Structures are given as structure tokens and as C-alpha cells.
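FYI, in the UniProt record's numbering the residues of the sequence shown are 1 to 86.
Ideal Cβ positions, reconstructed from N, Cα and C, are used throughout, including at glycine.
Just so we're clear, the structure is a prediction, and the values are computed from it rather than from any experiment.
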Amino acid sequence: MAYVIAEPCIGTKDSACVDACPVDCIHPKKDETGHGEAEQLFIDPVECIDCGACVPVCPVSAIYAGDDLPEKWASYQEKNAEHFGR
């Protein structure tokens, strides 16, 4: 089950998770098109290897394993996938 970035990331977009990810599955990066317009960062559910390296570095505790995603943020699982056209 891939990790999911939820509501606490909105407006924050801290890139510590991007730097921690060993497979480059968190986007948009600061230098990518669409970073300024995006409300939050997203994890590609296909590319994510479920290592959890991003979780402890997130300063706003916005990253959850899909199975542990709080019910109030369940829609963020789909939002992350949709960002990548999945």
C-alpha cells in the first residue's frame, strides 16, 4: 500500500519528503512546472516502494500509509493517484 500525502501539506509543500524519497515519487518538486500552482505535494502510488522514508521528515505529519490514512482524509488517496493520472 503506497503512502499518501494528506491535508496538512496544503499550503506547506515542505520538500523534506522529496529529498528523503529514494525512488523520486513525490511531486511536483520546486523546480517542476506546476509547483507554484499546486496546493500540496503528491506521492505516485505506482512508483512508491512503501519504504516510509518520507514519514519522519514531514514537518506537518501529512504522510500516511494508505491503510493508516485517517477517515477524514480518505479522499486524499484518490487525489494523490489522480495527480499522476492513475
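Counting C-beta pairs closer than 8 Å gives three or more between the region 1-20 and the region 76-83, which meets the contact rule.
Under the DSSP definition of a beta bridge, Ile49 lacks any partner.
The C-beta distance from Ala62 to Pro28 rounds to 15 Å, too long to fall under 8 Å, and the pair is not in contact. Ala65 has Tyr3 as its beta-bridge partners, per DSSP. Between the C-alpha atoms of Cys25 and Glu71 there is a straight-line separation of about 24 Å.
Rounded to whole angstroms, the Cβ separation of Val57 and Cys17 is 6 Å, and the two are in contact under 8 Å. Secondary structure at His35: coil, using DSSP grouped into helix, strand and coil.
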